[in-house]
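Student: Those protein sequences? They're chains L and W, same order as listed.
Just so we're aligned: 61 in my numbering is position 61 of the first sequence, and the numbers increase by one with no gaps anywhere.
Just so we're aligned: 112 in my numbering is position 112 of the second sequence, and the numbers increase by one with no gaps anywhere.
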Amino acid sequence: MSPSLALARREIVRFFRQKSRVVGAVAPPLVMWILVGSGFRGSFREDTFGYFFPGTVVLVVLFAAIFATISVIEDRREGFLQGVLVSPVAPASIALGKVLGGAVLGLMQGLPLLLLVPLTGLEVDAGGLLAAAALLALLAFALTSLGFAIAWSLESTQGFHAIMNLFLIPMWLLSGAFFPVDGASSWLGAAMAVNPLTYGVAALRRALGGSAPAWISPSLSLAVTAAFAVLMFAAAVAVVARLPAGPAARLAAARERRT
Amino acid sequence: MTPPAVEARSLSRAFGARAALTDVTFSVSRGEIFALLGPNGGGKTTLFRILATLLPPGAGSFSIDGLDPTVAGRTVRRRLGVVFQAPSLDKKLTVGENLALQGDLYGLRSGARSSRVAELLELFGLEDRAGDLVETLSGGLARRAEIAKALLHAPPVLLLDEPSTGLDPGARRDLIDALASLARAGTAVLLTTHLFEEAEAAHRIGLLDRGCLLALDTPAALKATLGGDVVTVEAKDDAGAPSLAAGIESLFGAEAGRITVVGPTVRVERKAAHTFVPRLVEAFPGAFKSVTLGAPSLEDVFIARTGRRFREADAPGAGNGPG
Numbered sequence: 001m002s003p004s005l006a007l008a009r010r011e012i013v014r015f016f017r018q019k020s021r022v023v024g025a026v027a028p029p030l031v032m033w034i035l036v037g038s039g040f041r042g043s044f045r046e047d048t049f050g051y052f053f054p055g056t057v058v059l060v061v062l063f064a065a066i067f068a069t070i071s072v073i074e075d076r077r078e079g080f081l082q083g084v085l086v087s088p089v090a091p092a093s094i095a096l097g098k099v100l101g102g103a104v105l106g107l108m109q110g111l112p113l114l115l116l117v118p119l120t121g122l123e124v125d126a127g128g129l130l131a132a133a134a135l136l137a138l139l140a141f142a143l144t145s146l147g148f149a150i151a152w153s154l155e156s157t158q159g160f161h162a163i164m165n166l167f168l169i170p171m172w173l174l175s176g177a178f179f180p181v182d183g184a185s186s187w188l189g190a191a192m193a194v195n196p197l198t199y200g201v202a203a204l205r206r207a208l209g210g211s212a213p214a215w216i217s218p219s220l221s222l223a224v225t226a227a228f229a230v231l232m233f234a235a236a237v238a239v240v241a242r243l244p245a246g247p248a249a250r251l252a253a254a255r256e257r258r259t
Numbered sequence: 001m002t003p004p005a006v007e008a009r010s011l012s013r014a015f016g017a018r019a020a021l022t023d024v025t026f027s028v029s030r031g032e033i034f035a036l037l038g039p040n041g042g043g044k045t046t047l048f049r050i051l052a053t054l055l056p057p058g059a060g061s062f063s064i065d066g067l068d069p070t071v072a073g074r075t076v077r078r079r080l081g082v083v084f085q086a087p088s089l090d091k092k093l094t095v096g097e098n099l100a101l102q103g104d105l106y107g108l109r110s111g112a113r114s115s116r117v118a119e120l121l122e123l124f125g126l127e128d129r130a131g132d133l134v135e136t137l138s139g140g141l142a143r144r145a146e147i148a149k150a151l152l153h154a155p156p157v158l159l160l161d162e163p164s165t166g167l168d169p170g171a172r173r174d175l176i177d178a179l180a181s182l183a184r185a186g187t188a189v190l191l192t193t194h195l196f197e198e199a200e201a202a203h204r205i206g207l208l209d210r211g212c213l214l215a216l217d218t219p220a221a222l223k224a225t226l227g228g229d230v231v232t233v234e235a236k237d238d239a240g241a242p243s244l245a246a247g248i249e250s251l252f253g254a255e256a257g258r259i260t261v262v263g264p265t266v267r268v269e270r271k272a273a274h275t276f277v278p279r280l281v282e283a284f285p286g287a288f289k290s291v292t293l294g295a296p297s298l299e300d301v302f303i304a305r306t307g308r309r310f311r312e313a314d315a316p317g318a319g320n321g322p323g
């Protein structure tokens with residue numbers, strides 16, 4: 001088996017051996033969907049369950065990416081990663097293994113949600129579901145790469161939580177998953193327009209029979225999402241190649257100075 | 001001529017203003033067990049990380065089987081088996097899964113991989129634990145699995161950082177036996193240690209203190225640099241030791257060898273001390289509590305080279321961290 005596939009398989013095996021991770025990734029977004037969808041029902045004319053559904057699926061994938069990439073920090077702390085770093089495996093293969101594993105986990109958690117489509121009021125045909133699945137795969141790869149690139153140089157999961165709250169969750173909130181791009185104020189609208197996730201959510205919304213802003217054409221949404229995935233993976237490879245020791249070299253230096 | 005398995009040339013490394021390693025030069029040949037002995041914070045782990053290709057040297061260079069890691073990085077890594085001080089096994093995987101994954105990382109084909117995994121499980125007595133999660137293993141078993149993992153791709157050079165950390169004395173002896181048989185089969189074994197008994201089992205020892213290589217030789221040769229045996233005479237009290245030392249010197253003269261007084265004890269370094277001890281006992285009846293005769297230890301060597309006891313030399317707060 002190639003090193004990347006072996007590392008990806010390890011991610012998946014580990015996931016199923018930690019039951020709390022399965023619950024932690026799937027339950028919170030579902031609870032959020034039901035609560036927010038029900039709560040806003042009275043305030044909007046549009047069916048809120050249908051509106052929040054695509055964003056919820058993206059959120060599940062985002063959570064999966066976050067949990068999968070936090071494991072890089074654990075791999076480093078528990079020592080597993082040092083064994084990989086002294087092996088002849090190329091940096092790109094290490095990044096691909098971790099990202100592929102995380103993306104598959106994201107998909108495994110996101111795809112079953114598509115079975116809930118009949119409950120949402122959205123009208124989707126089989127082609128739409130297939131397109132949605134393909135988009136989710138691309139988004140899962142992009143978000144896992146992004147999380148991996150961030151987590152690689154962090155020394156603690158606490159650090160990752162700070163970045164998650166400050167950066168990843170706002171990125172999701174400003175993607176049109178939570179409120180529409182077109183109704184946003186000008187500065188918010190600008191932030192949403194430069195957010196690559198906005199295009200992924202728009203594409204997914206369309207595939208699932210919902211409506212997306214007219215200025216985001218289907219081809220634009222696809223192109224931006226694909227470019228997002230490629231760039232994020234390039235960033236993931238770059239951090240492994242440039243900073244193989246992650247935070248360790250810096251920590252070791254600090255420890256050496258203290259002594 | 002075959003190049004040495006490991007060759008370090010003037011390796012240096014600083015962290016900020018602190019020099020962790022200064023101008024270290026040595027080589028290890030195939031079939032040799034080489035121990036880097038030193039107190040914590042002495043530079044052992046820094047040197048280990050450089051040789052394991054995890055940390056670039058600040059100055060100097062090294063080669064593995066004559067290959068420069070900055071040019072042939074992946075080839076060099078294929079030749080290195082690395083056992084870290086901290087475990088590197090995945091605790092959520094079984095022993096067998098960990099070894100199989102290692103085989104994949106080192107590019108073993110699946111047929112060769114399976115037979116090699118079976119071979120190492122047997123060699124390290126782990127066959128019946130292959131299906132157990134690593135987190136359920138005892139410290140000693142986990143350590144064996146760790147070494148089995150490092151050897152899976154049959155590396156000609158094995159690097160181990162404080163390999164007996166957390167092992168009981170029995171498991172430590174087993175480990176030393178295992179390393180000895182690897183060396184007999186032609187593997188170059190380089191280990192770092194702060195334990196004299198572990199260093200004792202090596203063919204050669206490099207004494208590393210404050211980042212400098214102070215001595216480099218076989219354990220016997222290092223000990224032979226001290227004057228033969230060490231006779232330790234314990235006086236009745238601190239006050240009695242100097243007069244006892246003076247008495248020994250005046251009676252035996254230059255024949256006594258080098259005499260030092262440390263607290264209530266008088267240490268006499270001399271050759272063929274077994275003929276000296278009976279005469280000493282007859283000459284000073286009742287003047288001391290005990291007389292012991294022993295060969296010089298590696299700790300005596302360390303004291304002679306640094307003027308400090310080994311434990312005192314431990315850098316404060318260094319713990320088990322990189323040193």
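Backbone N, C-alpha and C fix where the C-beta goes; we use that ideal spot for every residue, glycine too.
What residues in the segment 87-98 of chain W bring their beta carbon closer than 8 angstroms to a beta carbon of chain L?
Tutor: Correct list: P87, S88, L89, D90, K91, K92, L93, E97.
Student: Quick one: which chain L residues come within Cβ less than 9 angstroms of L160(W)?
Tutor: Here residue 160(W) is taken as the residue at index 160 of the second sequence, counted from 1. Ordered by position in chain L, no residue passes the 9 angstroms Cβ test against L160(W), which lies about 13 angstroms from the chain.
Student: Skipping 5 residues on each side, what residues in its chain have a beta carbon closer than 6 angstroms to that of P244(L)?
Tutor: Here residue 244(L) is taken as the residue at index 244 of the first sequence, counted from 1. L85, listed in sequence order.
Student: Using DSSP with H/G/I as helix, E/B as strand and the rest coil, what is G206(W)?
Tutor: Within the second sequence, residue 206(W) is the residue found at index 206, counting from 1. Note: G206(W) maps to strand in three-state DSSP.
Student: Is A287(W) near L251(W), with beta carbons less than 8 angstroms apart?
Tutor: Residue numbering aside, residue 287(W) sits at position 287 when the second sequence is read from its first letter. Residue numbering aside, residue 251(W) sits at position 251 when the second sequence is read from its first letter. Contact flag unset, no.
Student: Nearest to L30(L) by alpha carbon, out of L116(L), A68(L), L5(L)?
Tutor: Reading the first sequence from its first residue, position 30 is the one you call residue 30(L). Closest by alpha carbon: L116(L).
Student: Return the chain-ordered list of same chain residues with a C-beta closer than 7 angstroms to the C-beta of L197(L), the five sequence neighbours on each side being excluded.
Tutor: Translated into positions along the first sequence, residue 197(L) becomes position 197. Excluding positions up to five away in sequence, the list reads M171, W172, S175.
Student: Let me confirm a value: P28(L) is counted as buried when at least 16 other C-beta atoms fall within 10 Å, else exposed. Which label applies?
Tutor: Numbered from 1 along the first sequence, position 28 holds the residue referred to as residue 28(L). P28(L) should be labelled exposed.
Student: Could you pull the DSSP bridge partners for R258(W) from this structure?
Tutor: Within the second sequence, the letter at position 258 stands for residue 258(W). E269(W).
Student: Name the residue from G209(L), L166(L), L222(L), V237(L) whose alpha carbon lies nearest to the alpha carbon of L122(L).
Tutor: Here residue 122(L) corresponds to residue number 122 of the first sequence, with the count starting at 1. Checking every option, the nearest Cα to that of L122(L) belongs to G209(L).
Student: Which chain L residues are close to F84(W), counting only those with a beta carbon under 9 angstroms from its beta carbon?
Tutor: The sequence position of residue 84(W) within the second sequence is 84, counting from 1. What F84(W) touches in chain L: G79, Q82, G83, V86.
Student: Mind pulling the chain C residues with CB within less than 8 angstroms of P3(L)?
Tutor: Looking at the structure shown, chain C is missing, and the protein chains on hand are L and W.
Student: Opposite F15(W) in the DSSP bridges: which residues?
Tutor: One-based indexing of the second sequence puts residue 15(W) at position 15. F15(W) is bridged to R18(W).
Student: Interface residues of chain L around T53(W) at Cβ under 8 angstroms?
Tutor: Here residue 53(W) refers to the residue found at position 53 when the second sequence is read from its first residue. The answer, in chain order, is V86.
Student: In its own chain, which residues sit with a C-beta less than 6 angstroms from the C-beta of H153(W), not counting the 5 before and 5 after it?
Tutor: Sequence index remark: in the second sequence, residue 153(W) carries index 153 (1-based). Cβ within range, chain order: Y106.
Student: Compare the C-beta of L11(W) against all C-beta atoms of chain L and say whether one is closer than 8 angstroms.
Tutor: As a first step, residue 11(W) must be located in the second sequence, where it is residue number 11. Judged by the 8 angstroms Cβ criterion, L11(W) is not in contact with chain L.
Student: The alpha helix (DSSP H) spanning T157(L) covers which residue range?
Tutor: The residue labelled residue 157(L) in the question sits at position 157 within the first sequence. It spans 157-163 - the alpha helix (DSSP H) in which T157(L) sits, taken as one unbroken run.
Student: Would R13(W) and G42(W) qualify as a contact pair, given that the criterion is a beta-carbon distance under 8 angstroms?
Tutor: Sequence index remark: in the second sequence, residue 13(W) carries index 13 (1-based). Sequence index remark: in the second sequence, residue 42(W) carries index 42 (1-based). Against a cut-off of 8 angstroms, the Cβ pair of G42(W) and R13(W) comes out as no contact.
Student: Note down, in chain order, all residues in the segment 132-153 of chain W with a beta-carbon under 7 angstroms from any beta-carbon belonging to chain L.
Tutor: Under the 7 angstroms Cβ criterion, the segment 132-153 of chain W contributes no residue.
Student: For a test of the three-state rule: what should DSSP assign to L55(W), helix, strand or coil?
Tutor: The residue you call residue 55(W) lines up with position 55 of the second sequence. Note: L55(W) maps to coil in three-state DSSP.
Student: Checking 8 angstroms against the spacing of the C-beta atoms, do L298(W) and P219(W) come in under that value?
Tutor: One-based indexing of the second sequence puts residue 298(W) at position 298. One-based indexing of the second sequence puts residue 219(W) at position 219. Yes. Within cutoff.
Student: At least one CB of chain L closer than 8 angstroms to the CB of R77(W): is that the case?
Tutor: Numbered from 1 along the second sequence, position 77 holds the residue referred to as residue 77(W). Taking Cβ atoms only, chain L reaches closer than 8 angstroms to R77(W), which makes this a yes.
Student: Just confirm the distance between the C-beta atoms of V291(W) and V230(W), as a whole number of angstroms; I'd bet it's less than 8 angstroms.
Tutor: For the purposes of this step, residue 291(W) is identified with residue 291 of the second sequence, where counting begins at 1. For the purposes of this step, residue 230(W) is identified with residue 230 of the second sequence, where counting begins at 1. That belief does not hold up - the Cβ atoms of V291(W) and V230(W) are roughly 11 angstroms apart, past 8 angstroms.
Student: Starting from A245(L), find everything on chain W with Cβ-Cβ shorter than 8 angstroms and list it in chain order.
Tutor: Residue mapping note: residue 245(L) aligns to position 245 of the first sequence, counting from 1. Those within 8 angstroms of A245(L) in chain W are L54, L55.
Student: Would you please verify whether the beta carbon of L244(W) is less than 8 angstroms from any beta carbon of chain L?
Tutor: Locating residue 244(W) in the second sequence gives position 244, counting from the first residue. Judged by the 8 angstroms Cβ criterion, L244(W) is not in contact with chain L.
Student: Does DSSP put L340(W) in a helix, a strand or coil?
Tutor: With chain W running from 1 to 323 in the structure shown, residue 340(W) is simply not present.
Student: Give the range of the beta strand (DSSP E) segment to which D161(W) is assigned.
Tutor: Along the second sequence, read from residue 1 onward, the residue named residue 161(W) stands at position 161. Element bounds for D161(W): 157-161.
Student: Return the CA-CA distance between L146(L) and L96(L), expressed in angstroms with no decimal places.
Tutor: Sequence index remark: in the first sequence, residue 146(L) carries index 146 (1-based). Sequence index remark: in the first sequence, residue 96(L) carries index 96 (1-based). Cα-Cα distance, rounded: 12 angstroms.
Student: Quick check on the burial criterion: 16 or more other C-beta atoms within 10 angstroms. Buried or exposed for N195(L)?
Tutor: Mapped onto the first sequence, residue 195(L) falls at position 195. Answer is buried; the Cβ neighbour count reaches 16.
Student: In terms of residue numbering, what span does the beta strand (DSSP E) encompassing G294(W) cover?
Tutor: Taking the second sequence and counting its residues from 1, one reaches residue 294(W) at position 294. 288-294 is the span of the beta strand (DSSP E), which, as asked, contains G294(W).
Student: Look at the Cβ atom of L126(W), then the Cβ atom of A150(W), and state whether they are nearer than 8 angstroms.
Tutor: Along the second sequence, read from residue 1 onward, the residue named residue 126(W) stands at position 126. Along the second sequence, read from residue 1 onward, the residue named residue 150(W) stands at position 150. Not in contact: L126(W) and A150(W) (Cβ atoms no closer than 8 angstroms).
Student: Could you say which of A235(W), T53(W), G227(W) lies nearest to V71(W) if we only look at CA atoms?
Tutor: Within the second sequence, numbered from 1, the residue matching residue 71(W) stands at position 71. Here the closest residue by C-alpha is T53(W).
Student: Tell me which residues share the same chain as G73(W) and place their Cβ nearer than 7 angstroms to its Cβ, disregarding the 5 neighbours each side in the sequence.
Tutor: Counting from one through the second sequence, the residue named residue 73(W) turns up at place 73. For G73(W), where only same-chain residues beyond five positions count, the Cβ hits under 7 angstroms are T53.
Student: Quick check on the burial criterion: 16 or more other C-beta atoms within 10 angstroms. Buried or exposed for L119(L)?
Tutor: Sequence index remark: in the first sequence, residue 119(L) carries index 119 (1-based). Exposed.
Student: Considering only C-alpha positions, which residue in the set F16(L), A202(L), A234(L) is nearest to S219(L)?
Tutor: In the first sequence, counting from the first residue as 1, residue 219(L) sits at position 219. When each option's Cα is compared against that of S219(L), the closest is A202(L).
Student: Do you know how far the Cα of G159(L) is from the Cα of F48(W)?
Tutor: Indexing the second sequence from 1 puts residue 48(W) at position 48. Indexing the first sequence from 1 puts residue 159(L) at position 159. Using only the alpha carbons, I get a separation of about 29 angstroms.
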